[in-house]
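Residue numbers (this note's numbering): -17 to 200. Glycine included, each C-beta is placed from N, C-alpha and C at the ideal position. One structure is given below, encoded as structure tokens.
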Amino acid sequence: MIPGVRLVILGRQGSGKGTQCVRLSRHFVVPHISTGDMLRAAVREGTPLGKSAKAVTDAGGLVNDEIMIGLVRERLSAEDAHERGFILDGFPRTVTQALALDEIGGDRGVELAIDLEVPREVVLSRLLARRVCRDCGANYQATGRDPRPWICDNCGGDVVQRDDDTTEAINNRLDLYETQTQPLIEYYGRSSRMVAVGGTGTPDEVFDRLTRAVETTR
Ligand code: AP5
Ligand code: MG
């Protein structure tokens, strides 16, 4: 068997994908590949991709498939992903992306897709309260009694609200999830690579469910 894991984490925006992928990546010692993080880095650096993606991501839309597939193709060809595997967070998001990913992966492609299930009303309140460190990306939940300025415990960076965490952009993202991304549950189900994991409860409880789901399918 090829060592490492090759996972896709599906789930609504705000289901805790990013939070859990960071932990899974440490646990299984494989790279965490977040297309959202890649796009935010491009925006920060002011690259041509960042300039063209900014308006789309801020409005909660989807960046076009061809661009996203190109980005992921390049990232997966790096030695770490090729040798150890990957945990994909936020990709694929459309059936076109999933088909391309299977073509890119070949016999080292996705072995398991996990749907992190959290109801829409729960993710809505998590996202409105989310704050992120501008520098290291650490996630926090605002309580309404937070220090200003809010300084990251990990790295001392500024903790802010994401530009796409407005009510309007969140609703757009959630609508697109239902029409574009939910069909992937059926896509991976057809090849028996799909498992659902409950995403409510504490982050530790969710992490235990996720690692168990991966280990029992190996
Ligand atoms: P992306 O960065 O992927 O954003 P997203 O899909 O909207 O997902 P989120 O990051 O909002 O949610 P998450 O599930 O990671 O939740 P988190 O762990 O932060 O993409 C951004 C944009 O880029 C997209 O909208 C699109 O425009 C573009 N894009 C990216 N990939 C693309 C692609 N493939 N194709 C086209 N366009 C693409 O958790 C949320 C909050 O909840 C946090 O505050 C966290 O602390 C808290 N939390 C986590 N777990 C728990 C728990 N168990 N209990 C309570 N609170 C919790
Ligand atoms: Mg995320």
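According to DSSP, residue i sits in a beta bridge with which residue or residues?
i           : result
residue 178 : 97
residue 12  : In DSSP, residue 12 forms no bridge with anything.
residue 68  : -12
residue 25  : Beta-bridge pairing links residue 25 to no other residue.
residue 133 : 140
Would you identify the three-state DSSP class for residue i, choosing helix, strand or coil?
i           : result
residue -17 : Confidence is the limiting factor: at residue -17 the pLDDT is only 39, short of 50, which leaves the residue's position unreliable, though a coordinate-based value still follows. Looking at residue -17 - three-state DSSP - the assignment turns out to be coil, as it is neither helix nor strand.
residue 107 : helix
residue 119 : coil
residue 140 : strand
residue 75  : coil
residue 32  : helix
residue 196 : helix
residue -7  : strand
Rounded to the nearest angstrom, what separates residue i and residue j at their Cα positions?
i           : j           : result
residue 74  : residue 163 : 8 Å
residue 171 : residue 129 : 45 Å
residue 69  : residue 179 : 16 Å
residue 139 : residue 118 : 7 Å
residue -14 : residue 177 : 18 Å
residue 161 : residue 72  : 15 Å
residue 64  : residue 126 : 44 Å
residue -10 : residue 94  : 6 Å
residue 4   : residue 96  : 15 Å
Looking at residue i and the ligand MG, is the gap between the Cβ and the nearest heavy atom below 8 Å?
i           : result
residue 42  : no
residue 16  : yes
residue 62  : no
residue 181 : no
residue -1  : yes
Going by beta carbon distance, what residues of the same chain come within less than 6 Å of residue i, once the five residues before and after it are set aside?
i           : result
residue 144 : 114
residue 142 : 116
residue 45  : 35 and 38
Looking at residue i and the ligand AP5, is the gap between the Cβ and the nearest heavy atom below 8 Å?
i           : result
residue 111 : yes
residue 155 : yes
residue -4  : yes
residue 143 : no
residue 68  : no
Apart from the five residues on each side of it in sequence, which residues of its chain come closer than 7 Å, Cβ to Cβ, to residue i?
i           : result
residue -6  : 100, 102, 105, 156 and 159
residue 124 : 111 and 113
residue -3  : 98, 100, 105 and 181
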